[in-house]
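Right, one structure below, let's go through it.
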């Protein structure tokens with residue numbers, strides 16, 4: 001998916017789309033988290049934070065064994081996305097700087113810290129939080145809710161068993177992509193142009209959105225929607241499958257522990273043999 005990310009970012013920034021394999025895969029280490037020392041800036045920890053935060057929020061809203069309402073499940077998933085923005089924001093900023101300059105991760109991190117300070121790593125945080133909340137609400141909340149609703153609908157009985165899952169994934173993924181594209185475009189611009197002396201229009205989220213809309217038209221806020229929608233729909237299916245497998249695994253482990261705790265206790269010291 002890294003080439004898709006590179007194409008999307010270039011379209012949002014208004015620069016030429018990279019064509020060489022090296023340029024298309026630039027920033028892969030940050031995006032995939034292949035280096036252990038930089039794993040905090042990777043997809044795996046970000047997804048783990050979303051799963052964990054979603055679980056915590058669901059438990060907080062429903063400490064018993066009852067079922068959360070559909071709306072509550074979507075809201076808790078959105079909250080989990082906001083929490084993950086604290087990790088994804090600096091990770092994506094470094095990836096974007098790599099794609100623009102071609103430098104290594106270490107060089108770009110040093111450049112940002114020395115020229116702008118550590119606080120600039122959080123440029124675009126508000127837009128990242130908006131994007132992640134809606135995206136996570138889509139794949140962790142809306143998709144499973146829609147799948148359950150469609151699975152119970154009589155009209156679905158005439159279609160193959162996987163139809164509800166397919167329709168819910170496409171709907172949730174496309175909705176998340178369309179709704180969050182303006183926020184993602186603004187975030188990309190804010191993280192690409194860090195020098196506010198030469199690019200004051202990208203100082204805040206509001207000024208960035210206003211500048212893009214006024215100079216390039218409202219439609220430009222959806223630049224790069226095709227590659228990003230493709231990536232999000234795919235991720236929606238993949239991450240939902242991972243979540244389902246993890247949930248089944250955890251519930252199975254919990255059942256085994258509870259079953260072991262309910263085994264009868266045999267007192268082997270009370271009159272078993274002769275002394």
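Residue numbers (the numbering used here): 1 to 275. Quick reminder that beta carbons are idealized off the backbone N, C-alpha and C, glycines included. As the structure is a computational prediction, the values presented were derived from the model and not from experiment.
Assumed close pair residue 131, residue 183 - CB separation to whole angstroms, cut-off 8 Å: 5 Å
At the level of alpha carbons, what is the spacing between residue 78 and residue 215? 32 Å
What are the boundary residues of the alpha helix (DSSP H) that residue 213 is part of? 205 to 216
Straight-line gap, residue 244 to residue 48 (C-alpha atoms, nearest Å): 14 Å
Straight-line Cα distance separating residue 100 from residue 137: 31 Å
Determine the direct distance from the alpha carbon of residue 200 to that of residue 234, and round the result to whole angstroms. 36 Å
Is the region 49 to 67 close to the region 106 to 121, with three or more CB pairs under 8 Å? no
Verify the CB distance criterion: does residue 119 have a CB-CB separation below 8 Å to chain C? This model lacks chain C altogether, as it is built from one protein chain only.
Give the range of the alpha helix (DSSP H) segment to which residue 177 is assigned. 163 to 192
Which same chain residues end up closer than 7 Å to residue 80 when comparing Cβ atoms and leaving out the 5 residues on each side of it in sequence? 50, 53, 54, 57, 136 and 140
Output the distance between the C-alpha atoms of residue 253 and residue 175, rounded to the nearest integer angstrom. 35 Å
So residue 187 packs on residue 122, CB below 8 Å; how close in whole Å? Residue 187 to residue 122, Cβ: 11 Å. No contact.
Pick from 227, 191, 205 and 154: whose alpha carbon is nearest that of residue 91? 191
If we require 4 or more residues per run, which alpha helix (DSSP H) segments fall completely within the region 56 to 135? 70 to 101 and 105 to 116
Are the region 2 to 12 and the region 221 to 234 touching by the rule of at least three beta carbon pairs closer than 8 Å? yes
Less than 8 Å separating the beta-carbons of residue 150 and residue 156? yes
Alpha carbon to alpha carbon, what distance is there between residue 147 and residue 167? 8 Å
Buried or exposed for residue 108, going by 16 or more other Cβ atoms inside 10 Å? buried
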